[in-house]
Amino acid sequence: MKNQQQSRPYVPDYDWLWTQPPSYTRTLRAIISHSDAAVLRTAFTSFIRSLQHDENGVAGRGGWAIYPNVSESEPHAVVADIVSGGEDVADAICDGADELFEKLTATPGIKIQWRQLDTGATKSD
Numbered sequence: 001m002k003n004q005q006q007s008r009p010y011v012p013d014y015d016w017l018w019t020q021p022p023s024y025t026r027t028l029r030a031i032i033s034h035s036d037a038a039v040l041r042t043a044f045t046s047f048i049r050s051l052q053h054d055e056n057g058v059a060g061r062g063g064w065a066i067y068p069n070v071s072e073s074e075p076h077a078v079v080a081d082i083v084s085g086g087e088d089v090a091d092a093i094c095d096g097a098d099e100l101f102e103k104l105t106a107t108p109g110i111k112i113q114w115r116q117l118d119t120g121a122t123k124s125d
């Protein structure tokens, strides 16, 4: 599992994205931080509200979903998981990461770290 520590756009790791069959999901974790907790929460909430939501309230777009991870978040850092599966998993994960990065880094001072999570045997069907 590779971690990208710099605040820069996600760089796809195709070995990680394509080592499992298409029926398995991939989870890219974004750790979004800012020195001002209120600025961070406002930016993240605005981003989530800008997305489409399904009938269960899950936010996402075009084959990816984003799940805020409240249990691992803290006042100056929000943890969110971008999840996708299927044949277009690489495109979907990259699209989700690009949109998150573009919208959140428009707020000065926001930093993002990326972590590719091991997915085990989670199937997307």
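Following our numbering, the numbering of the sequence shown begins with 1 at its first residue and continues without gaps. Heads up, the beta-carbon is just placed ideally off N, CA and C, and yes, glycines get one too.
Under the three-state reduction of DSSP output, Ile93 falls in the helix class. Here Gln113 is bridged, per DSSP, to Ile31.
Here Tyr14 is exposed: its Cβ has fewer than 16 other Cβ atoms, across all protein chains shown, within 10 Å. Here Ala38 carries a helix assignment [DSSP, helix/strand/coil]. Under the DSSP definition of a beta bridge, Thr25 partners with Gly85.
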